[in-house]
Amino acid sequence: MADIKPTAVKAATSVNPPKTGNAISWIAPIVCILIGFFIWRVLLGSASNFAKPDPDPSHWFWPNHVGPKGSLVRMYEGGIIVPFLISCFLIVVTFVVERYLTVSKAKGSGDINEFIRKVQFNLANKEIDKALAECDKQKGSVGNVMKSGLRKYKEMITNTELDTDQKVLNIQKEIEEATALELPMLEKNLVFLSTLASVATLIGLLGTVVGMIKSFSALGDEGGGGAAAAELSKGIAEALYNTALGIGTSAVAIICYNMFTTRIDSITYGIDESGFTLTQSFAANYK
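When we follow this note's numbering, the leftmost residue of the sequence shown carries the number 763, and every step to the right adds one.
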């Protein structure tokens, strides 16, 4: 019988899968919407903040208070769209903080390029354990992927059944599996920032249109008198508050989204460089 050449066997990745729970993605928006309405109705819309509070108790949901006593309280006059814009801003802030903590942890400690150079030096000297120790010091996504690949690298050194190409393929597969576990964690929840970057502007535009409709409706109803001028100015103020909140929220979301994608691209490049380093080193040192 002809000898059967052993083939590479796909082994389970040595990287522990990160926790995939993402309750914050649906809890945070709901909580932020409730807080946004609370800020608008209870804090800004408190009767004590106005010179002429609405005496009608049937208007509990949206009292028609007149004469705000402070510039911040004037946001209440922006209308019912304002609490949704406040909620959008709170959602953006929530996920900016969440992504900052996650991406900072994934980046690890120290410079990624310096870490890769140290691993390359240790591999060139065939000091695998020192390279693994550098991964423990890095404590980031690049270190996790590199550590997973190094474990397979070390295993393949003592493997006598596979040829060099099959060993390199096994190392590459291990790196790909480890990468597949790390990258989704980095990109998770960025969709909230990219979505709100556009949606906040549209909601602000909606509030602007509603405010302008009220302004010109009041102008037509009153026939251009003093009361009409007051309603006109109130409607324009409503429009401008919505515009400012929408644009401000969108600007924060865009800036933070671009900042995070840039940092994630840097980490991804480091992961790719790690895989290239391991496969090329093994192919050169263990022919």
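C-beta atoms are modelled at their ideal positions from N, C-alpha and C, and glycine is treated no differently. Since the structure is predicted, the reported quantities are computational estimates derived from the model, not experimental observations.
Cα-Cα separation, residue i to residue j
i        : j        : result
Ala-1045 : Val-930  : 7 Å
Leu-805  : Pro-845  : 11 Å
Tyr-1019 : Lys-950  : 12 Å
Leu-1002 : Ser-903  : 44 Å
Ile-795  : Ser-833  : 23 Å
Gly-1074 : Glu-1000 : Residue 1074 cannot be examined here, being either before or after the span of the chain that is shown, 763 to 1049.
Ser-956  : Val-907  : 28 Å
Thr-864  : Asp-873  : 17 Å
Lys-867  : Thr-1023 : 15 Å
Lys-909  : Ile-890  : 10 Å
Gly-905  : Phe-823  : 54 Å
Ile-1029 : Ser-1043 : 21 Å
Gln-928  : Leu-894  : 22 Å
Ser-727  : Thr-1005 : The structure shown does not extend to residue 727, since the chain is modelled only from 763 to 1049, so the question has no answer here.
Assigned exposure category for residue i - 16 Cβ within 10 Å defines buried
i        : result
Ser-995  : exposed
His-821  : exposed
Pro-817  : exposed
Ser-1012 : buried
Thr-926  : exposed
Val-858  : buried
Residue(s) in a DSSP beta bridge with residue i
i       : result
Lys-814 : Val-828
DSSP-derived helix/strand/coil call for residue i
i        : result
Thr-920  : coil
Asn-884  : helix
Gly-807  : coil
Phe-823  : coil
Ala-895  : helix
Gly-997  : helix
Glu-889  : coil
Ile-933  : helix
Ser-833  : coil
Ala-785  : coil
Asn-875  : helix
Tyr-1003 : helix
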